[in-house]
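Notes to accompany the following structure.
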Amino acid sequence: MIKNERQYRITKSKLKDLEKSLKICKEGTYPDKIIHKAMVEGIQSQMDDLEAEIRDYERLKGQKTPRLKISSLKELPDILVRSRIAHGYNQKQFAKMLDMPEQQIQRYEAENYRRVSFETLMRICQKLRVDIAEGSKVTIEY
Numbered sequence: 008m009i010k011n012e013r014q015y016r017i018t019k020s021k022l023k024d025l026e027k028s029l030k031i032c033k034e035g036t037y038p039d040k041i042i043h044k045a046m047v048e049g050i051q052s053q054m055d056d057l058e059a060e061i062r063d064y065e066r067l068k069g070q071k072t073p074r075l076k077i078s079s080l081k082e083l084p085d086i087l088v089r090s091r092i093a094h095g096y097n098q099k100q101f102a103k104m105l106d107m108p109e110q111q112i113q114r115y116e117a118e119n120y121r122r123v124s125f126e127t128l129m130r131i132c133q134k135l136r137v138d139i140a141e142g143s144k145v146t147i148e149y
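The sequence shown begins at 8 in our numbering and counts up one residue at a time.
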């Protein structure tokens, strides 16, 4: 997932490099057609993945009112990043809103919020207007 403008630019650059590689690969002649086909399909698959990430990031940035759904707490880190992007905040702006260094937000997102305190997590959710729906089921197994 693309989390910031720097990653967005890098991903676009990687996509251009793969496009060049695909063109070279398609123009070349290879004695083994199976290996050639695998090379072309491998490059195309990587390109498809990067294009999907770029489209997702651009779509999030273009949203006026973020509407993101969560079905599991495992999805919360991803939703927090998506919500920040959809609200139009870069990491620096969001860090300022939370009165913390930009590097802290970068770290939280890079680590998928694994080391964030519950109190800070609640502040982040509040600022991003992320609300876990009431009535969500909780299952406790023994």
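Note that the Cβ used here is the ideal one computed from N, Cα and C, for glycine as well.
| query | result |
| --- | --- |
| I need the straight-line Cα distance from LYS76 to ARG91, nearest angstrom please. | 14 angstroms |
| Which of the three DSSP states is assigned to GLN111 in this structure? | helix |
| Taking the alpha carbon of LYS33 as the point to measure from, which residue in VAL47, GLN133 and ILE42 has its own alpha carbon closest? | VAL47 |
| Check whether the region 112–131 touches the region 81–101, taking contact to mean three or more Cβ pairs, one atom from each stretch, closer than 8 angstroms. | yes |
| In angstroms with no decimal places, state the Cα-to-Cα distance between MET129 and LEU29. | 46 angstroms |
| Using alpha carbons as the reference points, say which of LYS21, GLN98, THR36 and LYS134 lies closest to MET54. | LYS21 |
| Go through its chain and collect everything with a Cβ distance to ALA26's Cβ below 8 angstroms, but skip five positions before and after it. | In the sequence as presented, Ala is not what sits at residue 26; that position holds Glu. Contacts found: MET54. |
| Excluding the five sequence neighbours on either side, which residues of its own chain have a C-beta within less than 6 angstroms of the C-beta of GLU116, listed in chain order? | LYS10 and VAL88 |
| Within a Cβ cutoff of 8 angstroms, which residues of the same chain sit near LYS68, ignoring the five residues on either side of it in sequence? | ILE92, ALA93 and GLY95 |
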